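Residue numbers (our numbering): 380 to 685.
Only one structure is covered here, and it is reproduced in the block below.
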């Protein structure tokens, strides 16, 4: 009696539960119907191995999951390399694009704690605060200026020169330089040169808008006497409005001859720079313009070759 009752209950439960709770399906085992082989008008059933095979849907799901995992790992690593490029990558870029300055590599024996500070998108209402900070920390910088902002803040540009900093050209407006026809880029540079102080005796540094360049651009700028410069430390501060994060990023990548790229014109520009200058001063780093750092590293290289 007890056995018959259990059998009745099991049949009742199996009728209630939906088919998707079938254990074989849950474990990915789907029974295939036995194959039929017809010989002499008689059908013979061929049993399948273990009575089940993995369904195509399960295999496809596993493949998609594996592909997603691989792409996720690749994406995370790529993002990390872009955000914090290893020094090996900087050296590779410098070797690959020798006409473009990414950093000033010191001789192997040298441990001169000198770096270049560059500030894009100047001048602005924030530049005065930045200049005050540089004066406080006895630091120098190269400011990459935007033409239409020079018109609005000519007195700030004059102060940059008066306090021993230098100026490079970033473009007439905040746009990608590589998208401009070369004649238009030349026209913009010439117009900006006319706006800069006549007694500046400035070095000719050019940083393309958005950081992209081309071989024709390099050749054209060389005929004008300009050197393209990018950098080796960039915290992506226009996109990341958190001064402490940006400062920590910069300080974690400091090494002799590095070129730091920071940005003016943001409400947090001076605050993040203050944190960086504090950290550099605590570790006895000298903060210089591009030209000064280049000369220091060249002198160290000459000494090492003697």
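Think of the CB as a built atom: it goes at the ideal place given N, C-alpha and C, for glycine as much as any other residue.
As the structure is a prediction and not an experimental result, all values here were calculated from the model.
In the DSSP assignment, find the alpha helix (DSSP H) that holds residue i and state where it starts and stops.
| i | result |
| --- | --- |
| residue 540 | 533-541 |
| residue 514 | 506-515 |
| residue 668 | Note, residue 668: premise wrong, no alpha helix (DSSP H); not H, not E. |
| residue 653 | 648-661 |
| residue 474 | 466-475 |
Please classify residue i: does DSSP put it in a helix, a strand, or coil?
| i | result |
| --- | --- |
| residue 496 | strand |
| residue 673 | helix |
| residue 678 | helix |
| residue 618 | coil |
| residue 402 | With a pLDDT of 41 at residue 402, under the threshold of 50, the modelled position of this residue cannot be trusted, and the question is left open. |
| residue 574 | helix |
| residue 481 | coil |
| residue 459 | helix |
| residue 501 | strand |
Do residue j and residue i count as a contact pair if the criterion is CB distance below 9 Å?
| i | j | result |
| --- | --- | --- |
| residue 610 | residue 638 | yes |
| residue 607 | residue 586 | yes |
| residue 542 | residue 513 | yes |
| residue 364 | residue 522 | Because the chain here runs from 380 to 685, residue 364 falls outside it and cannot be looked at. |
| residue 590 | residue 483 | no |
| residue 497 | residue 597 | no |
| residue 567 | residue 575 | no |
| residue 493 | residue 664 | yes |
| residue 628 | residue 617 | no |
| residue 676 | residue 464 | no |
| residue 506 | residue 661 | no |
| residue 634 | residue 476 | no |
| residue 667 | residue 518 | yes |
Grab the span of the beta strand (DSSP E) containing residue i for me, first residue to last.
| i | result |
| --- | --- |
| residue 549 | 545-550 |
| residue 642 | 638-642 |
Taking 8 Å as the cut-off, is the beta-carbon of residue i closer than that to any non-hydrogen atom of the ligand NAP?
| i | result |
| --- | --- |
| residue 439 | For the structure depicted, the ligand NAP is absent and the ligand set is empty, with no information on it obtainable. |
The region 646-657 / the region 533-553 touching (three or more Cβ pairs under 8 Å): no
What runs of the beta strand (DSSP E), each 3 residues or longer, lie entirely inside the region 580-635? 606-608
Is the region 496-509 touching the region 521-532 in the sense that three or more CB pairs, one from each, lie closer than 8 Å? yes
How do the region 642-651 and the region 614-634 stand: do at least 3 beta-carbon pairs fall below 8 Å, yes or no? yes
Three or more C-beta pairs under 8 Å: does that hold for the region 545-556 against the region 582-601? yes
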